[in-house]
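Single-structure report; data block below.
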Amino acid sequence: MLSLEQIVRDPDKFRAALVRRGENPPIDRILELDSSRKALIQQRDVDRAERNTVSRAIGEEKRKPTPDEIVEMRETGDRIKAVESDLEGVQAELDAIVLPLPNTPLADVPDGLDAKSNVIVRTSDGATDRYGSAHWDIGPALGILDLEAGASISGARFYVMKGKGARLQRALAAWMLDVHTEEHGYTEIDPPLLVRPETMQGSGNLPKFADNLYHDDETNLWLIPTAEVALNALHQGQIIDPGVLPLKYVAQTPSFRKEHAAAGRDVRGIKRVHQFEKVEMFRFVEPETSDAVLEEMVGEAETLCKRLGLTYRVLKLCAGDIGFQSAKTYDIEVWSPGSAEWLEVSSISTCTDFQARRNNTRYRPEAGVSTRLPHTLNGSGLALPRMWIAVIENGLQEDGSIVVPEVLVPYTGWARIETL
RNA sequence: GGAGGGGUGGCAGAGCGGUUGAAUGCGCUUGUCUUGAAAACAAGUAUGUCCGUAAGGGCAUCGCAGGUUCGAAUCCUGUCCCCUCCGCCA
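Position one of the first sequence corresponds to residue 18 (this note's numbering), numbered consecutively onward.
Now the structure itself:
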């Protein structure tokens, strides 16, 4: 959520920032509503002060209220209720406007309204003119991926991994978690996958993106579309003690997405599915450090690609292409020889104080000073079926077998997936 | 699923419907004393919001949401969460 206070203080700045994202925010209406909100609060408080004074006096003097006082205070009470109901209406309209507004892009985010304006920051060494078989052919041929079984069990965009295929995915996840916990200093978390509406709202997924989320009506719980949702909520409503930040969390969870918006795209194979595993990094940091931390997290994700020997590139997303809650995002893409395209395997963002404000997560910089909002950052490290695709397609040998990257061998227990 | 008990400040823990934003203890901060520390003593120690340049002041908050009342931490209703026992279960 954007700060109402800051919008009111500098409306032009917010309008300009949101226009860069292709939004047309009703800033004038917000200003109008905010000033009537403030006026109503004042009216209400004057009446409440009056009521408190009279009640306190009656209590102090240990007497019964006079009939006049009772009548007068009833009127005051009615007036308070009337003003409160007006206030509620104003507040509801404000929420309805402000809650769906996305975060404002940082100054160094490139201009542009769609993916065409994203900037390639760097590309690793490695071939990008390499073509080969696609995972949807290789996987079934080796008996490690069964797309028909996925479809028959659950429908389109579901898959089944088998034997060494399943093991390879588990190895990838375990290895990535180990690198993050042992080398990058993250604390591993195993969070709930079903969350309350408040939690979904805190991350920014509700109310705006309900149509991409799975939901259980009976319990009113939502399936997470990424571990970010749960990790972000870890300190919901809390004031983090001095000296505790930065907090670094990593989790491997399934992600559940309806993918309505992407209907018809990436339909072959397992590039875009309704349920996939992902290792997610998440940090709570002091605002001053968040820019440097974002670069550091990109480096952490790159490390994984490098050690797997994959060709990858880093993109800086333009203002119109960053996610709702993001203020700046880098994507990491790996080369897929099979589909002859770059696959997005990581999206790393700083959400500045946008999520912290929504969640009411605060920290105290030092004892005795007032609280501040931390910045939150999240990033895939990395997304699984797509990394599986890259490893399979890049490891494909002349004879049809797959050689897996050396770093994974301790986790798989074997170095090669043989032909049947 | 059934039967009970409970949610109060950083923590523990009081709180007949009326000077209760909240006793007391612990913790923490500052000061006095001390060569220093400890002890003792004194003062301070929640969050949010509105007005105000500020000083300061108003209002709200005792899980959450409603209700009763001139007045609610206290009474009523709903709801969420936690604990204990029984049942069921990986």
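Glycine included, each C-beta is placed from N, C-alpha and C at the ideal position. If you're wondering where the values come from, they're calculated on a predicted model, not measured in any experiment.
Can you round the beta-carbon distance between residue i and residue j to whole angstroms, since I take them to be within the 8 Å contact cut?
i: residue 189; j: residue 18; result: Rounded, the Cβ-Cβ distance is 35 Å, inconsistent with contact.
i: residue 42; j: residue 118; result: 6 Å
i: residue 169; j: residue 342; result: Wrong, their Cβ atoms sit about 37 Å apart, outside the cutoff.
i: residue 461; j: residue 290; result: Lying outside 18 to 437, the shown extent of the chain, residue 461 is not represented and no answer is given.
i: residue 434; j: residue 159; result: 6 Å
i: residue 37; j: residue 128; result: 6 Å
i: residue 61; j: residue 101; result: 6 Å
i: residue 300; j: residue 394; result: 5 Å
Would you mind stating whether residue i and residue j have Cβ atoms separated by less than 9 Å?
i: residue 144; j: residue 161; result: no
i: residue 317; j: residue 298; result: yes
i: residue 417; j: residue 436; result: yes
i: residue 271; j: residue 295; result: yes
i: residue 374; j: residue 257; result: no
i: residue 392; j: residue 302; result: yes
i: residue 156; j: residue 286; result: yes
i: residue 135; j: residue 335; result: yes
i: residue 332; j: residue 351; result: no
i: residue 304; j: residue 389; result: yes
i: residue 293; j: residue 400; result: yes
i: residue 154; j: residue 178; result: no
i: residue 274; j: residue 229; result: yes
i: residue 355; j: residue 149; result: yes
i: residue 35; j: residue 111; result: no
i: residue 88; j: residue 57; result: no
Return the chain-ordered list of same chain residues with a C-beta closer than 7 Å to the C-beta of residue i, the five sequence neighbours on each side being excluded.
i: residue 140; result: 330
i: residue 201; result: 317
i: residue 426; result: 432
i: residue 49; result: none
i: residue 96; result: 64
i: residue 243; result: 272, 295 and 297
i: residue 260; result: none
i: residue 131; result: 337 and 338
i: residue 360; result: 288, 350, 351, 353, 403, 406 and 407
i: residue 420; result: 412, 414, 432 and 433
Ordered along the chain, which non-local residues of its own chain (more than five positions away) have a Cβ less than 6 Å from that of residue i?
i: residue 325; result: 422
i: residue 191; result: 428
i: residue 438; result: Residue 438 is absent from the model: the chain starts at 18 and stops at 437.
i: residue 208; result: 247 and 268
i: residue 254; result: 377
i: residue 138; result: 331 and 333
For residue i, I'd like the list of residues in its chain whose CB is within less than 8 Å of its CB, leaving aside the five on either flank, ordered along the chain.
i: residue 86; result: 71 and 75
i: residue 344; result: 120, 121, 122, 123, 126, 366, 367, 368, 369 and 371
i: residue 279; result: 289
i: residue 90; result: 68, 71, 72 and 82
i: residue 25; result: 47, 48 and 51
i: residue 218; result: 116, 224 and 375
i: residue 142; result: 328
Residue i: beta carbon under 8 Å from a heavy atom of the ligand COA?
i: residue 360; result: Looking at this structure, you won't find the ligand COA or any other ligand, since it has none at all.
Evaluate residue i with the Cβ neighbour count: other Cβ atoms within 10 Å of its Cβ, from every protein chain shown; 16 or more gives buried, anything less gives exposed.
i: residue 353; result: buried
i: residue 269; result: buried
i: residue 277; result: exposed
i: residue 410; result: buried
i: residue 362; result: buried
i: residue 241; result: buried
i: residue 348; result: buried
i: residue 387; result: exposed
i: residue 30; result: exposed
i: residue 396; result: buried
i: residue 357; result: exposed
Legend entry - Segment contact, 8 Å Cβ cut-off, at least three pairs: the region 224-240 with the region 204-216: yes
Inset, instruction - Kindly confirm or deny that the region 298-311 and the region 99-119 touch, where touching means at least three C-beta pairs closer than 8 Å. - result: no
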